[in-house]
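In the order they appear, the protein sequences are chains A and B. Residue numbers 2 to 223, in the numbering used here, belong to the letters of the first sequence in order. Residue numbers -16 to 214, in the numbering used here, belong to the letters of the second sequence in order. Where a beta carbon is used, it is the ideal one built from N, C-alpha and C, also for glycine. Here is the structure we will look at, set down as structure tokens.
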Amino acid sequence: MNSEPLVRWDWIGAHLGPILDRVGQHLYLAVIAVSIGFAISFGLAALSIRRRRLYPFVTLLATAVYTIPSFAMFAALVVVSGLSIFTAEIPLVVYTFILFVPNIVAGFDAVPQDVLDAADGMGYTSAQRWWQVELPLSVPLVVAGLRLATVSTIGLVTVSAILGDRFGGLGYYILDGYHRHFPTEILVGGLLSIGLAVLADLGFVLLRRLLTPWAAARAAAR
Amino acid sequence: MDIVAVTAQWLADPAHWQGPNGIPLRLGEHVALSVVSLILAAVVAMPLGLWIGHTGRFSWLVVSSANAWRALPSFAVIGLLVPFTTLLDPNLGFILYPTLAAMIVLAGPPILVNSYEGVAGVDRDLVEAARGMGMSERQILFGLEMPVALPVLAAGIRSAAVQVIATATLGATFGFGGLGRYIVLGDANRDNGELFGGVVLVATLALTTLAVFVLIERRLASPGLAARTAG
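This is how it looks when you write it as structure tokens:
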């Protein structure tokens, strides 16, 4: 191994197809988890806003779940639900709750009461007020939650490699490279997964700019 | 086969509570290496965060990268360290150093960010009042800003501790010891009792750590400030 260079470019060149497939699988696993996690978290956040007394329990439960090491959760689920897509997705989904719920709740809390009163005064129905006033104004914090959850999920997808070849996305290369004492593979898997997380984060920053044009206008007016 | 029964059976077997692969030793390994990593990370990250928070210098760096550390997945960090640590030592560099180094590296950011945010978030009126009373910058940092920021500092150490325990568990995939070994061995031996025994031990350790820190954080809130928010 010592005589070999750290990065074998010829190996990378010969495996571009499979590497791209793994990138695709990585994104696939992450997108499903973030989407389902977001939907459930939105429900939990809505519940927490209506029933304030429940909010501490929701966050406590989400924190406790997040505290359980991912390796243990993946391994335990293999025995319970076998080697299915659920085994990979359930941990990824439940880990997003603590990143989403507080941000969504804070996002809606941040809408000023004056603005809500003004909307009521202008004759908005509660549904209209929600869609046209509360939701758009909560965007900055909701997107902050999306950034956190996406970046963290993309990282956690690598751990699902312990479930076997059919999972793990780029994590497959980290584990395979380790077992085969082949640094090139580890570097490809590790660096690309970090790269994906950074790209996704930048994507959300762009999305927030598009969804909140007034923020940019205000900054420019200053 | 009933998972609960085999797990209870495995955990109750006295043979699993002794020897080099016994639960006390694995637990000790897990806790000792986690504590060492946490202390090493805190020694570097906390003074740095406090200094940045107090002076405001380089704060843009902390603010802009506050969440970037989450992009560093422990699985990738351990893996990425392997090629380099094996150059140092082909044996320990393959099974011990990568995980240990990842534990230290990943414990740093949450401590740094919270130390910064805790101090930077102290009411500026309080700081100005302290300055007006003739307190030195040192006295302001240690006598005012740190006590007020204590719950936030503790929360940073809590995140780091949780992260470190999880990373140590994951390290078992990369030859690391600790409680994660049982999960790896249980999987390899197709022994569900061992695998779930490991899961129960790891989860208990993580949740106990969380509970201890939450209790400490409650105690640490400055009584004056706690009374003010309560009233």
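Answer yes or no: does any C-beta atom of chain C fall closer than 7 Å to that of residue i?
i, result
"residue 179 of chain A", "Among the protein chains of the structure shown, namely A and B, there is no chain C."
What residues in its chain sit with their C-beta under 7 Å from that of residue i, if we drop five residues either side in the sequence?
i, result
"residue 175 of chain A", "159, 162, 187, 190, 191"
"residue 120 of chain A", "130, 134"
"residue 199 of chain A", "none"
"residue 157 of chain A", "71, 93, 96"
"residue 91 of chain A", "78"
"residue 94 of chain B", "24, 25, 28, 29, 32, 139, 140, 143"
"residue 23 of chain A", "170, 171, 173, 174"
"residue -8 of chain B", "176"
"residue 90 of chain B", "20, 21, 24, 143, 146, 147"
Starting from residue i, follow the alpha helix (DSSP H) in both directions and report where the run begins and ends.
i, result
"residue 34 of chain B", "6 to 38"
"residue 106 of chain B", "Run containing residue 106 of chain B: none; DSSP gives neither H nor E here."
"residue 180 of chain B", "175 to 203"
"residue 218 of chain B", "Shown here, chain B extends from -16 to 214; a query on residue 218 of chain B therefore has no answer."
"residue 213 of chain A", "Premise fails: residue 213 of chain A is in no alpha helix (DSSP H) and is neither H nor E."
"residue 138 of chain B", "129 to 154"
"residue 162 of chain B", "Residue 162 of chain B -> no alpha helix (DSSP H), and no H or E assigned at all."
"residue 8 of chain A", "It is not in any alpha helix (DSSP H) - residue 8 of chain A carries neither H nor E in the DSSP assignment."
"residue 43 of chain B", "42 to 48"
Tell me which same chain residues have a C-beta within less than 8 Å of the C-beta of residue i, skipping the five on either side of it?
i, result
"residue 13 of chain A", "20, 185, 189"
"residue 143 of chain A", "104, 105, 108"
"residue 216 of chain B", "There is no way to answer for residue 216 of chain B, as the model of chain B reaches only from -16 to 214."
"residue 48 of chain A", "55, 59"
"residue 170 of chain B", "178"
"residue 109 of chain B", "127, 131"
"residue 65 of chain B", "76, 77, 81, 157"
"residue 151 of chain A", "31, 35, 198, 201, 202, 205"
Kindly list the residues whose CB is nearer than 6 Å to the CB of residue i, restricted to its own chain and excluding five residues on each side of it in sequence; keep chain order.
i, result
"residue 206 of chain A", "none"
"residue 69 of chain B", "76, 77"
"residue 128 of chain B", "102, 105"
"residue 159 of chain B", "82"
"residue 13 of chain B", "151, 161, 162"
"residue 138 of chain A", "112"
"residue 63 of chain B", "none"
"residue 167 of chain B", "155"
Taking a Cβ distance cut-off of 8 Å, strictly less, list which residues of the segment 176 to 202 of chain B are near chain A, in chain order. 178, 179, 181, 182, 185, 186, 189, 190, 192, 193
Restricting to runs no shorter than 4 residues, where is the alpha helix (DSSP H) found entirely within the segment 98 to 186 of chain A? 114 to 122, 127 to 130, 136 to 158, 172 to 180
Closer than 9 Å between beta carbons: that is the criterion. Which residues of the segment 141 to 157 of chain A meet it against chain B? 145, 148, 149, 152, 153, 155, 156, 157
Using a beta-carbon distance cut-off of less than 7 Å, what residues from the segment 16 to 27 of chain A approach chain B? none
Residues of the segment 39 to 73 of chain A whose Cβ lies closer than 8 Å to any Cβ of chain B, in chain order: 64, 65, 67, 68, 69, 70, 71, 72, 73
Which residues, taken in chain order from the segment 202 to 215 of chain A, show a beta carbon closer than 9 Å to some beta carbon of chain B? 202
Curious, which full-length alpha helix (DSSP H) runs of at least 4 residues does the segment 52 to 124 of chain B contain? 57 to 71, 75 to 78, 80 to 103, 107 to 115
Please give me, in chain order, every unbroken run of the alpha helix (DSSP H) with length at least 4 that falls completely inside the segment 18 to 92 of chain A. 56 to 68, 71 to 82
Which residues, taken in chain order from the segment 61 to 93 of chain B, show a beta carbon closer than 7 Å to some beta carbon of chain A? 62, 63, 65, 66
Residues of the segment 85 to 99 of chain A with a CB closer than 7 Å to any CB of chain B: list them in chain order, please. none
Chain B contacts from the segment 186 to 198 of chain A (Cβ-Cβ distance under 7 Å): 187, 188, 190, 191, 194, 195, 198
Mind checking the segment 132 to 151 of chain B against chain A and listing, in chain order, the residues whose C-beta falls within less than 9 Å of any C-beta there? 145, 148, 149, 150, 151
Which residues, in order along the segment 155 to 174 of chain A, keep a beta-carbon less than 7 Å from a beta-carbon of chain B? 156, 157, 159, 160, 163, 172
Members of the segment 105 to 135 of chain A that neighbour chain B once the beta carbon cut-off is set at 8 Å: none
Can you list, in chain order, the residues of the segment 156 to 173 of chain B whose Cβ is nearer than 7 Å to any Cβ on chain A? 156, 157, 163, 166, 170
Got a sec: which bits of the segment -7 to 6 of chain B sit with their beta carbon under 7 Å from any beta carbon on chain A, in order along the chain? none
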